[in-house]
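Numbering of the sequence shown is given in this note's numbering, commencing with residue 1 and proceeding in unit increments.
Note that beta-carbon positions come from the ideal geometry of N, C-alpha and C, so glycine has one too.
Every value quoted in this text rests on a predicted model; they were computed, and no experiment measured them.
To keep things clear, I will list the structure first and then write my remarks on it.
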Amino acid sequence: MSYILLFTVLGTLLFASRKLNFWKVSIGAKGNKSSEKATVNSGKPKIFQTSGEYVVPVIEPVAADFDWQKAEPFKYRPFKAAPYKMTLAIRNLEPSDLFLIEDTYLHRTNIREKVLNSKFKKNTCLLHDSAIPAVREFYDMAINFMCDRYPMYFTKSKADNSVYNEIRKESVPLDPYKVEDPETLLLALGKTLEEDYLILLKNGPEGEEGEYYLRAGISGFPAGFDPSQKFNMKLSDIHGPVPMYQSKLKLSMNKFFSRINPGQFVIRNNWSVQAHCKLFAVTENHAPQNEIIEAMDGSQMDFNKVLLRVERQCLTRLPNTRANVFVIRTYLTPVTYVKDEGLGEELCGAIDGLPDVIKQYKRAEAWGPAVKKFMTDEEIGLTGETYMPEILAADL
Numbered sequence: 001m002s003y004i005l006l007f008t009v010l011g012t013l014l015f016a017s018r019k020l021n022f023w024k025v026s027i028g029a030k031g032n033k034s035s036e037k038a039t040v041n042s043g044k045p046k047i048f049q050t051s052g053e054y055v056v057p058v059i060e061p062v063a064a065d066f067d068w069q070k071a072e073p074f075k076y077r078p079f080k081a082a083p084y085k086m087t088l089a090i091r092n093l094e095p096s097d098l099f100l101i102e103d104t105y106l107h108r109t110n111i112r113e114k115v116l117n118s119k120f121k122k123n124t125c126l127l128h129d130s131a132i133p134a135v136r137e138f139y140d141m142a143i144n145f146m147c148d149r150y151p152m153y154f155t156k157s158k159a160d161n162s163v164y165n166e167i168r169k170e171s172v173p174l175d176p177y178k179v180e181d182p183e184t185l186l187l188a189l190g191k192t193l194e195e196d197y198l199i200l201l202k203n204g205p206e207g208e209e210g211e212y213y214l215r216a217g218i219s220g221f222p223a224g225f226d227p228s229q230k231f232n233m234k235l236s237d238i239h240g241p242v243p244m245y246q247s248k249l250k251l252s253m254n255k256f257f258s259r260i261n262p263g264q265f266v267i268r269n270n271w272s273v274q275a276h277c278k279l280f281a282v283t284e285n286h287a288p289q290n291e292i293i294e295a296m297d298g299s300q301m302d303f304n305k306v307l308l309r310v311e312r313q314c315l316t317r318l319p320n321t322r323a324n325v326f327v328i329r330t331y332l333t334p335v336t337y338v339k340d341e342g343l344g345e346e347l348c349g350a351i352d353g354l355p356d357v358i359k360q361y362k363r364a365e366a367w368g369p370a371v372k373k374f375m376t377d378e379e380i381g382l383t384g385e386t387y388m389p390e391i392l393a394a395d396l
């Protein structure tokens, strides 16, 4: 699946513990992405305080003059002109950078709302009874994060148990423990966060051999899979179609899932290319190994509509239920932008470095030759000036 690595654990949420605020705001202000930039290659982040049995992250508000409409998306370019290596490739993440607001926020959350109000709700909104305590805990964490990190856009009202979203001009619940239907919480976060989120619980015996199961979440921007078909599956089965997963990643990922601690935040990226503008792409982005793929005709392509798709994948563990939460943010960038940035040769080298089984999985045999010719000016197709195309939900 395109969330190429899912990152979780059983637990019980005690009613009394719901009053413990997982998030603590410190004095000061930072920009939207400055701390993430500082920790991309850093060691252990210096952002933790202890509180009882677990670590309390410090969530810093953005600068007082932060304007979401001027917050340009972070430019992730994780491809390298080198042989492809399938590794976890994780790095530390500042807690304050777990959820982002960038200038795509309103458009993308509107798309998410459209998906969740369509016939595809059953494919994207996932909930198992065993995950209800974790859903409530994650909601409490996420909504308080948004209020603490972006106080100019999210306002609490305890009187009517609501949080007003100034950007979307709507309210969502404040206290999840006062909301009877847990699906209401999933859907509220589904249009409040631009990120997808998946909640995983550990089944079976404790220890490194135990597997994690997808039990709840919102997967509004899937890339090459139907989220509902992954629901209630263990990680090794979820990643069944992913080449090299069983031999290269299964053991190390299960170990990492078992060892991550509350208050610890990690991040990784993956990348691919797609020759369409859809965020909600159930069937378009991946191919089975036995599918015959034909190379696309670059002369008939507008390369502004051929997009680098990057996932920003974050993992943390909740302190009370001890569920693991996987947070995925999707970036779509025209390959024309990549070329203008002077990274065309790097992308060509990355495409060449893909093993045959990965090329097939990513459908690189279809778009790869055309993209490489465009990057080397052998073929410009129907491409004129560089522009950002309309990013779509899907044909809903």
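Query: Buried or exposed by the 16-neighbour rule on C-beta atoms within 10 Å, applied to Ile101; Result: buried
Query: Nearest-angstrom beta carbon gap, Asn161 and Ser228 [assumed within contact, 8 Å]; Result: In fact, because the Cβ distance is near 31 Å, the residues do not count as touching under 8 Å.
Query: Inter-residue Cα distance where the pair is Lys339 and Met375; Result: 6 Å
Query: Euclidean distance between Cα positions of Gln264 and Arg317; Result: 7 Å
Query: Nonlocal neighbours in the same chain, by C-beta distance under 6 Å from Pro389, ignoring five residues either side; Result: Cys277, Asn304, Lys305
Query: For Pro369, three-class secondary structure by DSSP; Result: helix
Query: For Ser272: DSSP bridge partner residues; Result: Arg309
Query: Close beta carbons around Ala281, own chain, < 6 Å, minus the five adjacent residues each side; Result: Ala223
Query: Exposed unless 16 or more other CB atoms sit within 10 angstroms - verdict on Asp377; Result: exposed
Query: Completely contained alpha helix (DSSP H) runs for the stretch 147 to 227, where each covers 4 or more residues; Result: 182 to 192
Query: Alpha-carbon to alpha-carbon, Lys191 and Asn110; Result: 7 Å
Query: Local Cβ density within 10 Å of Ile267, reported as buried at 16 or more and exposed below that; Result: buried
Query: Opposing strand residues paired with Pro334 [DSSP bridges]; Result: Leu307
Query: Straight-line Cα distance separating Leu343 from Ile90; Result: 23 Å
Query: Contact between the stretch 181 to 200 and the stretch 69 to 84 (3+ Cβ pairs under 8 Å); Result: no
Query: Which residues DSSP lists as bridging Ile267, in chain order; Result: Arg91, Cys314
Query: For Leu174, the nearest candidate out of Ala216, Asp65, Tyr337, Thr155 (CA to CA); Result: Thr155
Query: Contact set for Tyr212: own chain, Cβ-Cβ below 6 Å, skip 5 residues either direction; Result: Thr8, Leu200, Lys202, Leu235, Phe257
Query: 6 Å CB neighbourhood of Ile140 in its chain, flanking five on each side removed; Result: One detail in the question is off: residue 140 reads as Asp in this sequence, not Ile. Excluding positions up to five away in sequence, the list reads Pro176.
Query: Val125 - DSSP class collapsed to helix/strand/coil; Result: One point to set straight first is that residue 125 is Cys, not Val, in the sequence displayed. Of the three classes helix, strand and coil, the one that applies to Cys125 here is strand, per DSSP.
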